[in-house]
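Notes to accompany the following structure.
Numbering (this note's numbering), first residue to last: 63 to 171.
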């Protein structure tokens, strides 16, 4: 009986760990702001404009990750401030549509 309980407990623990690992993901994209989002490209290569992004954030917008046709809010904001308008690689967890950042770095070229 103890053996069965131990196996059941181990299975439950494994499923919780696997579910948590499935929430951790990686995303590549540009750091932009939530106000302008994908409409903040003043550059010829269709990247966000750093001055525009910083101006919008200074006026109250939040940083977001522009990926495809969508901009995802990023938290904590302090981790991405230095990457405004940069192409980045973000790892973290998606919680309620917001990417909770574990790490962020310039994308390797």
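For glycine and all other residues, C-beta sits at the position ideal for the given N, C-alpha and C.
Since the model is a prediction, treat every value here as computed from it, not as a measurement.
Residue 125 sits close to residue 142, with the two beta carbons spaced by under 8 Å.
Distances from the alpha-carbon of residue 119 to those of 158, 146, 138, 156 put 146 closest. Non-local beta-carbon contacts of residue 160 in its own chain, meaning distances under 6 Å to residues more than five positions away in sequence, involve 135, 137 in chain order. Nearest neighbour of residue 166 by Cα position, chosen from 123, 111, 148, turns out to be 148. Per DSSP, residue 119 has no beta-bridge partner at all. Annotated three-state conformation of residue 112 is helix, per DSSP.
Ranked by how close their Cα comes to the Cα of residue 121, the residues 156, 96, 168, 154 have 96 in first place.
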